[in-house]
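To convert, note that position 145 of the sequence shown is 145 in the UniProt record's numbering; the numbers rise steadily by one, no gaps.
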Amino acid sequence: MSNNILCVGELLIDFICSDVNSSLTEGTNFIKKAGGAPANVTAAISKLGGHASFAGKVGNDHFGVFLKNTLDSVGVDTSMLVLDNNSNTTLAFVSLKSDGERDFIFNRGADELLTYKELDKEKVYSSKIIHFGSATALLGGPSKVTYLEVMEKTKEKGTFISFDPNYRVDLWKNRLEEFVSISKKCLKYADFVKVSDEEIKIISGKESLEEGIKIFHKLGAKVIAVTLGKDGTLISNGTNIDTIGSIKIKSIDSTGAGDAFVGAVLYKIAQQEEAKNILGDFQKLKEIVAFGNKVGAIVCTKLGAIAALPTLDEVEKC
């Protein structure tokens with residue numbers, strides 16, 4: 001088995017309105033950015049010096065080529081990124097109002113159309129770790145079926161599985177029960193789960209983070225990391241629980257910080273001789289999470305998700 005980390009999920013274009021306090025109706029200026037949480041995770045791993053592959057689908061159009069080039073430029077293996085001649089690349093348009101409310105329009109395209117037969121099975125099943133980032137992957141379409149099939153089959157083969165539900169209120173409007181149900185199904189396969197404090201409350205139905213963690217463990221999740229922003233990360237392996245603090249920084253842009261954290265943690269786990277041995281070594285887990293916190297914090301000090309990702313040398317110098 002290789003040390004490769006495979007990330008499965010969406011890759012899309014985020015068009016971010018740069019006009020201050022404008023709705024999408026009023027906004028006229030937009031900045032094009034590569035988007036998709038699992039793609040950010042692969043980029044974080046690659047920038048740190050690890051080997052990461054991405055599996056997903058984009059349109060064979062200008063946007064799809066831009067996304068492929070973006071991942072290629074940081075060393076991600078894009079051999080399982082399918083460029084579809086018959087569908088457009090998925091686009092998201094976002095603007096932020098001064099009161100914190102977002103305008104959001106989502107034009108879904110190729111990302112929901114990835115089929116199981118389009119995957120390189122040898123590469124999939126030889127990966128040391130597979131990360132599933134689900135912001136759009138679980139919404140429906142062939143990609144949802146593919147996502148769950150890969151998760152089930154890699155679990156049977158004993159592959160280390162990482163899962164981040166990536167809840168986005170704009171995507172799951174009027175479908176909250178469906179999001180909770182499908183997330184719980186994924187938790188039973190997961191060795192490592194990263195969630196925000198909001199996500200664990202939504203999925204578990206508990207306001208207490210500790211009670212939510214207990215429910216996640218009962219559902220099958222082995223290690224749970226609850227990210228708490230500047231307060232660090234709450235980590236549990238079912239036997240031990242602790243909060244690992246983060247480093248103090250002046251935050252400029254938190255975009256992609258959670259994905260950078262996941263990438264950093266998986267990068268470190270992939271370096272272990274046996275990835276699953278980490279599940280019972282709580283001291284080592286704490287060290288890995290502290291490293292992840294540091295990488296996530298560094299990302300907050302720069303603009304842009306992928307552009308802000310640090311190299312290992314930058315992390316060690318910080």
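Glycine included, each C-beta is placed from N, C-alpha and C at the ideal position.
Closer than 8 Å to chain D by CB, residue i
i          : result
serine 183 : In the displayed structure, chain D is absent; only one protein chain is listed.
Separation of residue j from residue i, as counted between CA atoms
i              : j                 : result
glutamate 178  : leucine 209       : 22 Å
glutamate 315  : threonine 42      : The sequence given here places valine at residue 315; glutamate does not occur at that position. Approximately 17 Å, taken between the alpha carbons.
threonine 136  : leucine 171       : 8 Å
threonine 115  : lysine 121        : 12 Å
threonine 243  : isoleucine 200    : 15 Å
lysine 317     : glycine 36        : 28 Å
serine 2       : aspartate 103     : 43 Å
valine 124     : lysine 302        : 33 Å
leucine 285    : phenylalanine 216 : 18 Å
proline 38     : alanine 55        : 9 Å
lysine 218     : phenylalanine 66  : 42 Å
glutamate 274  : aspartate 61      : 40 Å
glycine 238    : glycine 212       : 12 Å
threonine 25   : leucine 12        : 22 Å
lysine 97      : serine 126        : 46 Å
residue 321    : valine 295        : In this structure the chain extends from 1 to 318, so residue 321 is not present and cannot be described.
asparagine 107 : valine 82         : 18 Å
methionine 151 : glycine 27        : 40 Å
alanine 307    : serine 254        : 12 Å
leucine 139    : glutamate 149     : 15 Å
glutamine 272  : isoleucine 298    : 24 Å
valine 76      : glutamate 156     : 26 Å
alanine 270    : threonine 159     : 11 Å
aspartate 313  : lysine 47         : 10 Å
glutamate 101  : isoleucine 241    : 35 Å
Residues that DSSP places opposite residue i in a beta bridge
i                : result
methionine 12    : Going by the sequence as given, residue 12 is leucine instead of methionine. In the DSSP output, where bridge partners are listed per residue, leucine 12 has Gly35.
valine 195       : Val226
threonine 233    : Thr227 and Ile244
leucine 6        : Ser53 and Ile130
phenylalanine 66 : In DSSP, phenylalanine 66 forms no bridge with anything.
residue 320      : Nothing can be reported for residue 320: it is not among the residues displayed for the chain, which extend from 1 to 318.
Pair within 8 Å by beta-carbon distance, residue i and residue j
i                 : j              : result
proline 142       : leucine 113    : yes
lysine 32         : aspartate 111  : no
threonine 227     : lysine 194     : yes
valine 289        : alanine 225    : yes
lysine 222        : aspartate 197  : no
residue 331       : asparagine 4   : The shown model of the chain, from 1 to 318, leaves out residue 331, and the question about it has no answer.
residue 337       : tyrosine 147   : The chain is shown only over 1 to 318; residue 337 falls outside these bounds and no answer can be derived.
aspartate 19      : valine 94      : no
cysteine 186      : serine 251     : no
glycine 59        : threonine 89   : yes
asparagine 277    : serine 246     : no
asparagine 166    : serine 134     : yes
serine 183        : isoleucine 161 : no
alanine 260       : alanine 52     : no
glycine 109       : serine 87      : yes
histidine 131     : leucine 309    : no
phenylalanine 282 : lysine 268     : no
Host beta strand (DSSP E) of residue i (start-end)
i            : result
threonine 78 : 77-84
valine 74    : Run containing valine 74: none; DSSP gives neither H nor E here.
alanine 92   : 91-96
glycine 59   : 52-59
Boundaries of the alpha helix (DSSP H) in which residue i is found, first to last residue
i             : result
leucine 266   : 257-270
leucine 219   : 209-219
valine 295    : 282-299
aspartate 313 : 312-317
Ranges of the alpha helix (DSSP H) found wholly within the region 102-175, counting only runs of at least 4: 121-126 and 142-156
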